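K.L.:
In our numbering, the protein residues as written are 8 to 53. Ideal Cβ placement from N, Cα and C applies to all residues, glycine included. Bear in mind that the values here come from a model prediction, so they are computed numbers and not experimental data. Below are the structure tokens for one structure; questions will follow.
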């Protein structure tokens, strides 16, 4: 997952200077938000 986050950060940075990457960065951001929401927090350790 670290590699995916790294690529996303590169795309976000490049989108600031390359207008064509803005939609890609937005789509990746939405997917990261959905993936994070689906990830359930760990229950309490007993």
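Quick check on the DSSP output: the alpha helix (DSSP H) that includes residue 20 runs from which residue to which?
P.N.:
9-22
K.L.:
Can you give me the Cβ contacts of residue 22 inside the same chain, cut-off strictly under 8 Å, excluding the 5 residues immediately before and after it?
P.N.:
28, 29, 31, 32
K.L.:
If residue 35 and residue 15 are in contact, beta carbons under 8 Å, what's the gap, nearest whole angstrom?
P.N.:
5 Å
K.L.:
Rounded to whole angstroms, what's the CA-CA distance from residue 38 to residue 24? Just pull it up for me.
P.N.:
22 Å
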